[in-house]
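Report on the following structure.
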Amino acid sequence: MNVEEAIDVIEKLLEQGRLNKAQEIIFRQAWEGKSYMEIARASGYDTGYIKDTGSHLWQLLTRVFGKKVTKNNFQSVVLRHAQATHKDFNSLATLRWRKASFTKEILEQTPQSYELNVHLTPSVGEVNTQHDWGGAPDISIFYGRTKELATLQQWVVQDRCRLVTLLGMGGIGKTSLSVKLAQEIYTDFEYVIWRSLRNAPAIQDVLTNLIWFLSDQQVTVNDLPESVEDKLLHLVDYLRSSRCLLVLDNVETILRQGERAGYYLEGYEEYEQLLRYIAQTHHQSCLIITSREKPRGLASSEGITLPVRSLHLDGLTQSEGKEIFEAKGLFCSGEQQQLLFEHYRGNPLALKIVATNIQELFDGDVAQFLEQGTAVFGDIWDLLAQQFTRLSMAEQQVMYWLAINREPVTLSELKQDILPIVSPREILEALESLQQRSLIEKAAPIASFTQQPAVMEYVTAEFISQICHEIITKEINLFNSHALIKAQTKDYIRDAQRLIVQPLVNKLLASFGNKQRIKEHLNCLLLELRSRSVRFAQSPTSITPGYAGGNVLNLLIQLQADLSYYDFSEITVWQAYLKDVNLQYVNLQHADLTNSAFTENFGCILALAYSPDSQIIVTAGEAGQIRLWRVADMKPILTWKGHIRWILAVSFSPDGKTLATGSDDRTVKLWDAHTGELLQTLQGHLSWVWSLAFSPDGKTLATGSDDRTVKLWDLTCCQILQSLEGHTNRVESVSFNSQGTILASGSNDGSIMLWDVSSGQTIKVTESAQPIRAIAFSTDGSLLASGSDDGNITVCEINSGNCLRLQGHAYLVQSLAFSPDDQTLASGSHDKTIKLWNLTTGQCTKTLQGHASRVWAVAFSSDGQTLVSGSDDRLLKLWDVGTGKALKTLWGYTNLVRVVVFSPDGTMLATGSSDRTVRLWDVSTSKVVKSFQGHTRGILSTTFSHNGQILASASEKINLWNVKTGKLIQTLQGHTNWVWSVAFNPQDDTLASASGDHSVKLWNLHTGHCLQTLVGHTNWVWSVAFSPQGKILASSGDVTVRLWDVQTGECLKVLQGHTNGVWSVAFHPQGKILASASDDYTVKLWDVDTGECLQTLQGHTNGVWSIAFSPDGKLLASASDDKTLKLWDVYTGNCLQTLEGHSDRVTSVSFHPQGNILASGEQEEKIKLWDLHTGKCIATIRSDRPYEGMNITGVTGLTDAQIAMLKALGATEEAEGYKGVRNAEGMV
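In this note's numbering, the protein residues as written are 2 to 1229.
This is how it looks when you write it as structure tokens:
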């Protein structure tokens, strides 16, 4: 029936004979599916008028037809009336009441019921909807979905969609929503039928049942044609003639498992034809289907303005889900409720199941349930298992990788992970299929993919189970195609991946019984992998290399296996996380080490900076090493030794071409930032260079020093422009404003000075009682931030002088950095934390924790999204500013020998190193007999008690060890900075300590309590020594030596004469003479009684770190940064001998008790023993480095810089350097 025929029918029944103009317009355009707004726009009438007229029209037609007529059902009402009153319905097409008059002939041909009858006024009645709910569930209790119901009603009732698909994972509520929707809108339909396809009925049966119902049970199977297509045509006729609502639930049942989503089971392909007919054929009805995945062929017909649409159901809101808990009698806190919702993403069925389980298993105790750490079990597990088993191999592969990655990943990241290598098309198809199955989530703003927590938990458990089975049976598949952990991923992700590795180890333990048997089994797997590798080399098409080798290594590390002498040669060792792992004498010959992570060769990080484009990070610190890191993968790209001593400051020039470094060797050096070539050495400071900064135009460099001056250097000629004086203590920080017109300097004297750069005059001086450690201008130059010893930060407006105080750190603030937008300030502190401050509110927004020691440097990337930090714990960390999570941590290793000391009986030598370990060496064999570990940073000092029973070691704290048992006796804590030196008194009941906090402390060794704190030094205190009688204590720091009365704590004398820091003091055996060694290159001998300088010993060409008297008091040995040892005649002051052979600065010296051997330690990790009669080195010893003897001949997957780093940590490329392979029994 067309609209002309419909109008003919209507107007024959109306009392007035015809519709008025507005009614006819509405009738015609509504017949075409137009909305009131569209009708108003097309006709020129007001929308309100059209709505009112339409309402009156439908009321009029309701009276005429005797049943409720609406805009949604008027077509079906007219059509049914025509069918009921005239069998030859098509003949009505000839009746054109608009175009012909009422001739006698026409009236005679018209059926009686179509004659005009002005007296026809049927009674008003509702639409008589016929419905068949089949197996529809009871939804008398229904939660939420208000927004979804409104959307669906709009689509079905107002927009008259032909086909609507409800999609969502199992339990999300598709079925309940379909029933609820049908119940709410059924009055707009003449027929409503709801059917489930759970039992996968044949298409013939479904069509027959639908037609039988829509024909008012008049058409039976015997009346229908046999072909599906003919039945479909028959069905469509009913959908055209009547307004019908069809609901087909559980459509996924007729779709294939083990393939991409949406493909039909064999024998069910004609369902696709059904959906296509309904979607593409014009009719007035609607089919709603529910499915866990979208059937194939629908996507091309869908659109937001098209009559075919789909709605993806997400979980309930937290308030809606709360109703489920309350209905189940489960009451929990808001935080607990939020955790449950995060686990199940508001899945109604999962929430009902878990609420019941909590009630039955945990007596309603939600906290106890959450403590179990598992959200997927029982019915929830079965629900997810049903969906997982439907996946194709490609989809399962993607699901496993999404579970491994633990957070949203992009298509390109997935492509890099997946083995065997597949095309982007195949990955996209798998992702599309998984989205259709509602098993993955899409994250914004970058298109990336992940899983709901419950889904991820299930997939992880399934992955672990499959991997365990493969390891046990040695039938390697997933174990080779998927990594257990990703060595190069973000730190917090790798930590989360422990949820894969440790449970896998637990399952293996349950199967094998003990760790040793697992190790033996993994060793057998290695042999098989090597065999595979050889076969692959011979025939690359036979077996694909993969992650198995790296997985075996990661499992062995998790099992805490001793990896020494293991053989991983010829194997692909991908994604092995080897940081802080000893691989001594491991064979990696010809191994592929792509994306594996190793310990790096660096020590304490004291300075760092981003390049202007944030592509490179430079780090520097102890041992004078400069290292450039590529930010994209944090791999070292260039390393060189820039200074012989500490590098305290580093900065890129504004154009990124030049690198400047400042050192405690008093120099500033300029380097080519791309090649590491030394361009210029700037000399002029008399002491340590603590800070430096380029002017914004890159033409001037400012430097601050321990010599209390700030210097401005002209970089075009590398000469000093000006030397700015005014501070009375070291200048630890300098910063230019953004215009380059003002320079700020902060000093340990508590002052901040603003300097006019052009004139060198002081603009402003701010005084404080606290030493200033760090200052920084904001990027726009309007703010100046300063950090001080008390942990406070002050942010001042330059123009107004208004200041904001930021409080939160527990100890001194060493570094400050503004974000590029000046909204955030980052602060690094000696309290081991980094804080991010909102400069609008003054509040600390995040505290970044992860460093084990003092944070020396922080810097923002140019986009402000990443922060880098360096600490003396040998960690370099990258942080996500938005989340506060650690993205990357690089572990450094050095074994610089800080101190060597003989035991009182001369049988052992104790050494303290930067690897945080104290070692006891047997002097006769040069072997380590004991190791003491318990410090979080490098050892700075160690000494034996006079009875040889206790060993004291110092770093950030002081540990006392029982020499015989190796047990820690007690820990002394109280200093707030590094402890540089410790000494026992002659009675071994008191210990003295010297610290970077400018103090000396005396400790009672029986109680561990601090007896006294001696204050007077104005800088770091480097060394302490008791007089032989124990009544006087000498300490050295700043440029002085102080003598203290041990009993009273009174400072007896201040010995002045050195012109730079005094690093070491030692009493003569008789106690009358005191020796001191200084960074001014000299050694001085002092009369203890008078304080007079007896002699100045000159001859070293660099700072003198350590001194020691021979047991008989005739000789004095000195160790220097000039790489030499010197022996001096104490009485004449003559240099008797210079011992050469060290390759780096010599940091410590000690006489054997018998006086015939001298021990020395150097920065390059070596210890040397010298025969004092001959002056010859009789032994050079060093402890094994992490990769000592590791064979890396022919390895691939590493950069040249990485290979150089491995060699620096002990690896060798010479095959003869490899000592053997340990088999499963541990034999070589």
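All residues carry an ideal CB built from backbone N, CA and C; glycine is no exception.
Do residue i and residue j have their C-beta atoms within less than 7 Å of each other?
i	j	result
residue 1013	residue 1050	yes
residue 681	residue 671	yes
residue 482	residue 379	no
residue 1099	residue 1134	no
residue 574	residue 550	yes
residue 1137	residue 1171	no
residue 1101	residue 1123	yes
residue 79	residue 287	no
residue 786	residue 826	yes
residue 622	residue 604	yes
residue 591	residue 1195	yes
residue 471	residue 480	yes
residue 652	residue 716	no
residue 1106	residue 1064	yes
residue 793	residue 815	no
residue 347	residue 316	yes
residue 697	residue 741	yes
residue 526	residue 468	no
residue 454	residue 361	no
With 16 as the cutoff for other CB atoms within 10 Å, does residue i come out buried or exposed?
i	result
residue 1233	Missing from the structure shown is residue 1233; the chain here goes from 2 to 1229 and no further.
residue 1030	exposed
residue 294	buried
residue 712	buried
residue 1189	buried
residue 624	buried
residue 1	Because the chain is modelled from 2 through 1229, residue 1 falls outside the range shown and cannot be assessed.
residue 49	exposed
residue 887	buried
residue 285	buried
residue 373	exposed
residue 1242	Here the chain covers residues 2 to 1229 and nothing more, so residue 1242 does not appear.
Quick check on DSSP: helix, strand or coil for residue i?
i	result
residue 27	helix
residue 163	coil
residue 98	With a pLDDT of 26 at residue 98, under the threshold of 50, the predicted position of this residue should be treated as unreliable, though the coordinate-derived value follows. In this structure, residue 98 counts as coil in the three-state DSSP scheme.
residue 191	coil
residue 1246	Only positions 2 to 1229 of the chain appear in this structure, which leaves residue 1246 out of reach.
residue 778	strand
residue 1149	strand
residue 204	helix
residue 836	strand
For the ligand COA, I want to know if residue i counts as a neighbour, meaning its beta carbon is within less than 6 Å of at least one of the ligand's heavy atoms.
i	result
residue 226	Here there are no bound small molecules, and the ligand COA is not part of this structure.
>> For the pair the stretch 386 to 394 and the stretch 430 to 443, tell me if three or more CB-CB distances fall below 8 Å.
In response: Segments in contact, yes.
>> With three or more beta-carbon pairs closer than 8 Å as the criterion, would you say the stretch 490 to 508 touches the stretch 404 to 414?
In response: At 8 Å Cβ cutoff, the stretches touch.
>> With three or more beta-carbon pairs closer than 8 Å as the criterion, would you say the stretch 1169 to 1186 touches the stretch 573 to 582?
In response: At 8 Å Cβ cutoff, the stretches do not touch.
> Are three or more beta carbon pairs between the stretch 952 to 968 and the stretch 923 to 938 nearer than 8 Å?
Replying inline: Verdict: yes, contact present.
> Is the number of C-beta pairs between the stretch 1034 to 1044 and the stretch 989 to 1001 that are closer than 8 Å three or more?
Replying inline: Segments in contact, yes.
>> What ranges does the alpha helix (DSSP H) occupy inside the stretch 298 to 338, keeping only unbroken runs of at least 4 residues that lie completely in it?
In response: DSSP runs (the alpha helix (DSSP H)) wholly in the stretch 298 to 338: 319 to 328.
> Does the pairing of the stretch 720 to 731 with the stretch 758 to 769 give three or more beta-carbon distances under 8 Å?
Replying inline: The stretch 720 to 731 and the stretch 758 to 769 touch, with no fewer than 3 CB-CB distances between them shorter than 8 Å.
> Going along the chain, which unbroken runs of the beta strand (DSSP E) with 3 or more residues stay wholly within the stretch 960 to 1017?
Replying inline: Listed in chain order, the complete beta strand (DSSP E) runs (minimum 3 residues) inside the stretch 960 to 1017 are 969 to 973, 980 to 985, 991 to 996, 1000 to 1005, 1011 to 1016.
>> Report the start-end ranges of each alpha helix (DSSP H) in the stretch 224 to 293 that is 4 residues or longer and not cut off at the edges.
In response: As far as the stretch 224 to 293 is concerned, its whole alpha helix (DSSP H) runs of at least 4 residues are 229 to 242, 271 to 281.
> Enumerated in chain order, which unbroken segments of the beta strand (DSSP E) with a length of 3 residues or greater are wholly contained in the stretch 878 to 955?
Replying inline: Counting whole runs of 3 or more residues, the stretch 878 to 955 contains the beta strand (DSSP E) stretches 887 to 892, 898 to 903, 909 to 914, 918 to 923, 928 to 934, 942 to 945, 951 to 955.
> What are the uninterrupted segments assigned as alpha helix (DSSP H) that are 4 or more residues long and contained completely in the stretch 1160 to 1193, given in chain order?
Replying inline: List check, alpha helix (DSSP H) in window: nothing returned.
> What are the uninterrupted segments assigned as alpha helix (DSSP H) that are 4 or more residues long and contained completely in the stretch 1059 to 1086, given in chain order?
Replying inline: Listed in chain order, nothing qualifies, since the stretch 1059 to 1086 has no complete alpha helix (DSSP H) run of 4 or more residues.
> Which ranges does the alpha helix (DSSP H) cover as unbroken runs of at least 4 residues, wholly within the stretch 362 to 423, from first to last along the chain?
Replying inline: If only complete runs of 4 or more residues are kept, the stretch 362 to 423 shows the alpha helix (DSSP H) at 367 to 372, 379 to 389, 394 to 406, 412 to 418, in order along the chain.
>> Which complete alpha helix (DSSP H) runs does the stretch 29 to 65 hold, if anything under 4 residues is left out?
In response: The stretch 29 to 65 contains these whole alpha helix (DSSP H) runs: 37 to 44.
>> Please give me, in chain order, every unbroken run of the alpha helix (DSSP H) with length at least 4 that falls completely inside the stretch 441 to 517.
In response: Those alpha helix (DSSP H) runs which fall completely within the stretch 441 to 517 and span 4+ residues are 454 to 474, 479 to 482, 492 to 497, 499 to 513.
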